[in-house]
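In the numbering used here, the protein residues as written are -1 to 374. The structure appears below as structure tokens.
Have a look at this one:
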């Protein structure tokens, strides 16, 4: 039987049209949504009470795990990463937060925290945010800042001349310490100048009522209360706390060993500049009346009694000045190196000077005309 070519050609055209329509239908069907897990993080600082870490998580499956990882950026031989778990119920969209209560473990102004989040949904998808750094800044004041070398000074009360004067004091202290002890900054430091001792104490969660300045050495932060009308105090407080910071860097070790208090406070007081007449008079009077505190006793925390505490600072400065003036810069530099190795108090002195704290006590007393020491 012969086939009508017209009918065949018509059938072919009809079939081609049907196939084309099918292709169009298939091509236009919407694709299934791509599997996604998205995170958006932020922080909120309420200085000095808390730091809140916020997280917004979305996925096409229930988010079942959210974890905050954070570490405080500080001088340390071991990296310490902490973790926190915010409260939430599994869902495809979660908006939650975790608050770090600083009343339990406070941070100084300007401390830096690095954090990141990890998340997982019910489908097994995992995501980690990039590490982000946040500063625990005191936002109650409008800070200005100047930087010279390793020192950044921040203040909010007083004019630029006030800040420049304090900065000059810091630079003179750095030069004095390098010249006489060999100590030089290893990192950058931020010095926060509060408008008064009371406002400084308001930045600290558990301050002593006499606190006027403090060095948070491991955080590279110093905070001091200096009113523009009390510049004289600032000219000694800035070098004092800066000296603590530098010496702390020079002697930091992974053994947890420190320095005798007389050396730490003596270097800080020496870093202030020339001894005050008041300090000299206290030492002379104590030597004359036989009430000098022994070097060994000064290796422990100073007395809380004001008169005894002042005498302790005055003696410590005098002892450090004796070591520097008698034995020179290189010996003091070597002594700091030995303490960085974790040496004990007496062993460090013996290895550098050839005498222990008792021997130092005798030599120092003789140098100031106090005669044979009386044990205390």
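Even for Gly, the Cβ is constructed at its ideal location relative to N, Cα and C.
With a 10 Å radius around the Cβ and a threshold of 16 neighbouring Cβ atoms, residue 153 comes out buried. Residue burial annotation: residue 199 is buried, with at least 16 other C-beta atoms found within 10 angstroms of its C-beta. Contiguous alpha helix (DSSP H) elements confined to the region 257 to 304 occur at 259 to 268, 275 to 287, taking only those with 4 or more residues. In the DSSP annotation of this structure, the continuous segment of the alpha helix (DSSP H) that includes residue 245 starts and ends at 229 to 249. Nearest neighbour of residue 176 by Cα position, chosen from 193, 244, 131, turns out to be 244. The closest CA to that of residue 271, considering only 315, 73, 90, is found on 315. Secondary structure note for residue 351: its alpha helix (DSSP H) is the uninterrupted segment 343 to 351. Contact fails between the region 241 to 260 and the region 159 to 166, because fewer than three Cβ pairs, one in each stretch, are under 8 Å apart.
Closest by C-alpha distance to residue 214, out of 308, 135, 142, 187, is 187. Bridge pairing for residue 63: 118 [DSSP]. In this structure, DSSP gives residue 224 a state outside helix and strand, which the three-state scheme calls coil. Looking at the DSSP output, residue 369 bridges to nothing.
Three or more Cβ pairs closer than 8 Å define a contact, and the region 190 to 207 meets that threshold against the region 103 to 119. Sequence-distant partners of residue 137 (beyond 5 residues in either direction) whose C-beta falls short of 8 Å from its own C-beta, in its chain, are 43, 45. DSSP places residue 36 in the uninterrupted beta strand (DSSP E) bounded by 35 to 44. Where residue 195 is concerned, there is no enclosing beta strand (DSSP E), although the alpha helix (DSSP H) around it starts and stops at 195 to 199. For residue 91, the pairing in a beta bridge is given by DSSP as 56. Shown here, residue 206 sits in coil according to DSSP, grouped into three states, outside any helix or strand. In the three-state scheme derived from DSSP, where H, G and I count as helix and E and B as strand, residue 99 is classed as strand. Segment contact: the region 232 to 251 against the region 278 to 291, fewer than three CB-CB distances shorter than 8 Å; contact not assigned.
Of the other Cβ atoms in all chains shown, fewer than 16 fall within 10 Å of the Cβ of residue 157; this residue is therefore exposed. Between the C-alpha atoms of residue 354 and residue 340 there is a straight-line separation of about 16 Å. Under the DSSP assignment, residue 188 falls in the beta strand (DSSP E) whose first and last residues are 187 to 192.
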